[in-house]
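Heads up: the sequence lines are chains A and B, in that order. Here the numbering used here is used: the first residue of the first sequence is 1, the next is one more, and so on. Here the numbering used here is used: the first residue of the second sequence is 284, the next is one more, and so on. For reference, the structure is listed below as structure tokens.
Protein chains: 2
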Amino acid sequence: MALILSGKKIASEIKGEVKARIEETAAKPTLAAVIFGDDEGSLIYARSKARAADKIGINVEILQFSADIRTEEAVSIMTGISGNKAYHGIILEEPLPENIDPFPVREAINPAKDVDCTTAGNIGRIISGEPVFLPATPLAILEILKKYRIDTNGKRAVIVGRSRTVGLPLANMLLRKSPEGNATVTVCHSRTRDLSKITKSAEILIVAIGKPGFVNRDHVSKDAVVIDVGTNYIDGKLIGDVDHDSVEPVAGSLTPVPGGVGPVTVSCLLRNAYKAYRLSREM
Amino acid sequence: MALILSGKKIASEIKGEVKARIEETAAKPTLAAVIFGDDEGSLIYARSKARAADKIGINVEILQFSADIRTEEAVSIMTGISGNKAYHGIILEEPLPENIDPFPVREAINPAKDVDCTTAGNIGRIISGEPVFLPATPLAILEILKKYRIDTNGKRAVIVGRSRTVGLPLANMLLRKSPEGNATVTVCHSRTRDLSKITKSAEILIVAIGKPGFVNRDHVSKDAVVIDVGTNYIDGKLIGDVDHDSVEPVAGSLTPVPGGVGPVTVSCLLRNAYKAYRLSREM
Numbered sequence: 001m002a003l004i005l006s007g008k009k010i011a012s013e014i015k016g017e018v019k020a021r022i023e024e025t026a027a028k029p030t031l032a033a034v035i036f037g038d039d040e041g042s043l044i045y046a047r048s049k050a051r052a053a054d055k056i057g058i059n060v061e062i063l064q065f066s067a068d069i070r071t072e073e074a075v076s077i078m079t080g081i082s083g084n085k086a087y088h089g090i091i092l093e094e095p096l097p098e099n100i101d102p103f104p105v106r107e108a109i110n111p112a113k114d115v116d117c118t119t120a121g122n123i124g125r126i127i128s129g130e131p132v133f134l135p136a137t138p139l140a141i142l143e144i145l146k147k148y149r150i151d152t153n154g155k156r157a158v159i160v161g162r163s164r165t166v167g168l169p170l171a172n173m174l175l176r177k178s179p180e181g182n183a184t185v186t187v188c189h190s191r192t193r194d195l196s197k198i199t200k201s202a203e204i205l206i207v208a209i210g211k212p213g214f215v216n217r218d219h220v221s222k223d224a225v226v227i228d229v230g231t232n233y234i235d236g237k238l239i240g241d242v243d244h245d246s247v248e249p250v251a252g253s254l255t256p257v258p259g260g261v262g263p264v265t266v267s268c269l270l271r272n273a274y275k276a277y278r279l280s281r282e283m
Numbered sequence: 284m285a286l287i288l289s290g291k292k293i294a295s296e297i298k299g300e301v302k303a304r305i306e307e308t309a310a311k312p313t314l315a316a317v318i319f320g321d322d323e324g325s326l327i328y329a330r331s332k333a334r335a336a337d338k339i340g341i342n343v344e345i346l347q348f349s350a351d352i353r354t355e356e357a358v359s360i361m362t363g364i365s366g367n368k369a370y371h372g373i374i375l376e377e378p379l380p381e382n383i384d385p386f387p388v389r390e391a392i393n394p395a396k397d398v399d400c401t402t403a404g405n406i407g408r409i410i411s412g413e414p415v416f417l418p419a420t421p422l423a424i425l426e427i428l429k430k431y432r433i434d435t436n437g438k439r440a441v442i443v444g445r446s447r448t449v450g451l452p453l454a455n456m457l458l459r460k461s462p463e464g465n466a467t468v469t470v471c472h473s474r475t476r477d478l479s480k481i482t483k484s485a486e487i488l489i490v491a492i493g494k495p496g497f498v499n500r501d502h503v504s505k506d507a508v509v510i511d512v513g514t515n516y517i518d519g520k521l522i523g524d525v526d527h528d529s530v531e532p533v534a535g536s537l538t539p540v541p542g543g544v545g546p547v548t549v550s551c552l553l554r555n556a557y558k559a560y561r562l563s564r565e566m
């Protein structure tokens, strides 16, 4: 049976480190979580981040605005928040309502406050090699691999999913010339043919395709490391992209959902928030 | 024997289109090619671009500065050039001398003049989906595939090389949800184990590793499309990264060196220069 790669202990370690550093500082780091509209999932997620943040001395203000505005107005709102010295970091909760183009709204975030690494400049720095912030979910995956001493050097990593927030930045991060990089990386997606043949070539398989239970034992080689990034709510229950019961007897190790990548992601985001606070002090 | 994918005809088609459009305009698009130091290769390459540009009505000014300056001075020089309205586009010739950190010099380029797509913001836009410019070499590769009607949809593409200017941006471009994307992409590099096993899985194999004749028939599957991005000078002769004679009997099609990706790259760069000129008119 697979070793279960629990994220809970890693998450509390990271939060403990951040908390200790914040206790040494005078002011309180403050994040703005910006929501356009009233998407229930965005609100729930923002509130859960606010609770986790509060426990370690970070303040999260949830700023909610009408969905019923034009892109220019949303950009103007974001520009205002971005220029406000009270906020050290900014999270833009997505998806935005369909009438708002997300790109210019993201670009209105001050790169030094972009704790979610959502601006093009910060994403590009993953490739050009001088990142300010790295995106929280890919960072959480690398953190789990590191804490469990799973070496990525020269390993075959296969990523299922090509999203802007997980699959693509993670691929670029795993390819970097760094101790947490140097992997040979394949990215698969909905157009991929012979998917199971490719996923079976993976020593490290990361699944972030947003389809509950999509990856099963037919996709996984014996002893592979399987990282499940899925967060699908079905009847109020959180389900991953990996069919856990089917994969567990085959994989060498496996992250659970819940309790795997999710909590580590939140703690990596809060560490980024502390970094943004430090950056603001240096300016 | 492989079909030879000649770049010359494609390059002259693209240049013809750009020339026709420039003839319709009043002013002359002008590029600054910025060189720090006196690297012979950089000078030769800048001059060859200037000659090609001149033939279609684009002016290239080669601006050469001392290698013996600090990073801050180089940034200040670049900021000045970037703000100069006489230049519609800017090319920074790399590598820079070792005493100059290239990152802040690149970042000093106005994104709207960044015809080589070297700033982090423009690289990031490949992932965030709203590119202003795409980098010329990856663009040339996609152009060759398109002109020869080689579909990338759902195909297995393997890239050998993870450079900031070719391998990484190309991987992200081939993964985009676009007619020239939608491939399943693997990136290999110096740390990759079992390289030939992976390259043999490629329907489209792109080699940009900077090692003359590195890829041979043992790396290539029957009928694969092989794109050679290598530009290695040996005894004054231009040699690709693919051992042409060894691969030609196996591959389905193959770009030559010289006369393959190189000339198309220059024409794509000039097309970007025209785009930068158009952008400057809209502002």
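Even for Gly, the Cβ is constructed at its ideal location relative to N, Cα and C.
>> Would the segment 226-237 of chain A count as touching the segment 205-218 of chain A if we require 3 or more Cβ pairs under 8 Å?
In response: Taking one beta carbon from each stretch, the segment 226-237 of chain A and the segment 205-218 of chain A have 3 or more pairs nearer than 8 Å; the two touch.
> Hey, does T186 (chain A) have any beta-carbon neighbour from chain C nearer than 9 Å?
Replying inline: Absent from the structure is chain C; the protein chains it does hold are A and B.
>> Less than 9 Å between the beta carbons of A507 (chain B) and V468 (chain B), yes or no?
In response: For the pair A507 (chain B) and V468 (chain B), the CB atoms are not nearer than the 9 Å cut-off.
> Ends of the beta strand (DSSP E) at I511 (chain B)?
Replying inline: A quick correction: the sequence has Asp, not Ile, at residue 511 (chain B). Segment 508-511, the beta strand (DSSP E) holding D511 (chain B).
> From the DSSP output, which residues share a beta bridge with N232 (chain A)?
Replying inline: Answer is A:I239, bridged to N232 (chain A).
> Residues in the segment 413-447 of chain B with C-beta within 7 Å of chain A's C-beta atoms, listed in sequence order?
Replying inline: Taken in chain order, the members of the segment 413-447 of chain B whose beta-carbon sits within less than 7 Å of a beta-carbon on chain A are E413, N436, G437, R445, R447.
> Which ranges does the alpha helix (DSSP H) cover as unbroken runs of at least 4 residues, wholly within the segment 312-352 of chain B, from first to last along the chain?
Replying inline: Counting only runs that start and end inside the segment 312-352 of chain B, the alpha helix (DSSP H) elements of at least 4 residues fall at 323-338.
> Relative to the C-alpha of V215 (chain A), which residue among A:R193, A:V247, A:T118 is closest?
Replying inline: Checking every option, the nearest Cα to that of V215 (chain A) belongs to A:V247.
>> So if DSSP puts I159 (chain A) in a beta bridge, which residue, or which two residues, is it bridged to?
In response: Bridge partners of I159 (chain A): A:V187, A:I206.
>> Checking the sheet assignment: what are the DSSP bridge partners for V498 (chain B)?
In response: Partner residues in the beta bridge of V498 (chain B), as assigned by DSSP, are B:V525.
> Contact between the segment 349-359 of chain B and the segment 399-411 of chain B: three or more CB pairs below 8 Å?
Replying inline: No, because fewer than three Cβ pairs between the segment 349-359 of chain B and the segment 399-411 of chain B fall closer than 8 Å, the two stretches do not touch.
> Could you give the residue range of the beta strand (DSSP E) that holds L279 (chain A)?
Replying inline: Per DSSP, L279 (chain A) belongs to no beta strand (DSSP E); it is in the alpha helix (DSSP H), 261-282.
> Taking three-plus beta-carbon pairs below 8 Å as touching, is the segment 132-150 of chain A in contact with the segment 263-270 of chain A?
Replying inline: Judged by Cβ distances under 8 Å, the segment 132-150 of chain A makes contact with the segment 263-270 of chain A, as three or more pairs qualify.
> Using a beta-carbon distance cut-off of less than 9 Å, what residues from the segment 334-361 of chain B approach chain A?
Replying inline: Among the residues of the segment 334-361 of chain B, none has a Cβ less than 9 Å away from any Cβ of chain A.
> Where do the N-terminal and C-terminal ends of the alpha helix (DSSP H) with G299 (chain B) fall, by residue?
Replying inline: Per DSSP, G299 (chain B) belongs to the alpha helix (DSSP H) from 291-306.
>> In the DSSP assignment, the alpha helix (DSSP H) including G372 (chain B) goes from what residue to what residue?
In response: Counting along the chain, G372 (chain B) falls outside any alpha helix (DSSP H), though it belongs to the beta strand (DSSP E) covering 372-375.
> What is the DSSP secondary structure of S479 (chain B), reduced to helix, strand or coil?
Replying inline: Here S479 (chain B) sits in helix by DSSP.
> With C-beta atoms as the reference, is F416 (chain B) less than 9 Å away from A357 (chain B)?
Replying inline: At least 9 Å separates the beta-carbon of F416 (chain B) from that of A357 (chain B).
> Which same chain residues, not among the five before or five after I327 (chain B), have their C-beta less than 7 Å away from its C-beta?
Replying inline: In its own chain, leaving out the 5 sequence neighbours on each side, no residue places its CB closer than 7 Å to the CB of I327 (chain B).
> What residues from the segment 297-325 of chain B come within 7 Å of chain A, judged by C-beta to C-beta, listed N to C?
Replying inline: Across the segment 297-325 of chain B, no CB contact with chain A closer than 7 Å is found for any residue.
> For the segment 545-562 of chain B, which residues have a CB atom closer than 7 Å to at least one CB atom of chain A, in sequence order?
Replying inline: Listed in sequence order: no entries.
>> So if I threshold CB-CB distances at 8 Å, which residues from the segment 361-387 of chain B count as touching chain A?
In response: For the segment 361-387 of chain B, residues whose beta-carbon sits nearer than 8 Å to a beta-carbon of chain A comprise F386.
>> Contact criterion: CB-CB distance below 9 Å. Does T475 (chain B) meet it with respect to chain A?
In response: Yes, T475 (chain B) lies at the interface with chain A (some Cβ there is under 9 Å from its Cβ).
>> Which same chain residues end up closer than 6 Å to H502 (chain B) when comparing Cβ atoms and leaving out the 5 residues on each side of it in sequence?
In response: Counting only Cβ-Cβ distances below 6 Å, and skipping sequence neighbours, we find S479, T482.
> Using 8 Å as the threshold, is the segment 294-305 of chain B in touch with the segment 173-184 of chain A, meaning 3 or more CB pairs across them?
Replying inline: No: fewer than three Cβ pairs fall under 8 Å.
>> I'd like to check one pair, V187 (chain A) with D241 (chain A): are the Cβ atoms closer than 9 Å?
In response: It is not a contact, given that the beta carbons lie outside the stated cut-off.
> DSSP state of L537 (chain B), grouped into three classes?
Replying inline: L537 (chain B): strand per DSSP, three-state reduction.
> Which residues, in chain order, does the segment 224-245 of chain A contribute to contact with chain B at a C-beta distance below 8 Å?
Replying inline: Answer in chain order: no residues at all.
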